[in-house]
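The next block holds one structure in the form of structure tokens; read it before the comments.
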Amino acid sequence: MLLTPAELAAHLRTSERTVARMVLDGCPSMLVGRRRRFELAAVLAWTQEQAASCRSEKTPLAVGTQRLASAVAAFTAASRQVQVRAMPSASKLS
């Protein structure tokens with residue numbers, strides 16, 4: 313059974329834009345006329361393969377994502393410790 317990009321996105325619970333990015337990353341698909349179609353079994357196998365390769369090796373993207381996550385956590389922790397005082401504006405003082 314061949315799925316349209318919208319049907320595949322609904323099945324994967326993602327957006328059609330993500331499906332388009334998956335195609336650029338090598339997701340198996342075929343053109344029927346001018347329209348792209350997906351075989352569900354092939355797509356699911358491809359996503360499993362992609363997930364396994366990401367778990368097995370530390371790609372630069374994965375390392376960068378970890379650094380970003382730690383930076384976000386540090387910023388969040390620092391922002392929770394800051395106390396903000398609001399000063400009345402000068403126009404309200406007079």
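Each position in the sequence shown, counted from 1, maps to that position plus 312 in the working numbering.
Idealized CB from N, CA, C, for every residue including glycine.
Reduced DSSP category for residue i - H, G, I as helix; E, B as strand; rest coil
i	result
methionine 342	strand
arginine 329	helix
valine 384	helix
valine 335	helix
Distance CB(residue i)-CB(residue j) smaller than 9 Å
i	j	result
arginine 349	leucine 314	yes
aspartate 337	glutamine 362	yes
Cross-strand partners of residue i (DSSP beta bridge)
i	result
leucine 356	Paired residues: none, contrary to the question.
leucine 314	Glu351
Same chain, Cβ closer than 6 Å to residue i, five either side skipped, listed in chain order
i	result
threonine 316	none
proline 340	Ala354, Trp358
Contact set for residue i: own chain, Cβ-Cβ below 8 Å, skip 5 residues either direction
i	result
alanine 420	An answer regarding residue 420 cannot be provided, because it is not within the stretch 313 to 406 covered by the chain.
leucine 320	Val331, Phe350, Leu352, Val355
valine 344	Leu314
Residues near residue i in its chain [Cβ-Cβ closer than 7 Å; skip 5 each side]
i	result
methionine 342	Arg349
For the structure I just gave you, are there three or more beta carbon pairs, one from the segment 339-358 and one from the segment 380-390, closer than 8 Å?
The segment 380-390 and the segment 339-358 do not touch, with fewer than three beta-carbon pairs separated by less than 8 Å.
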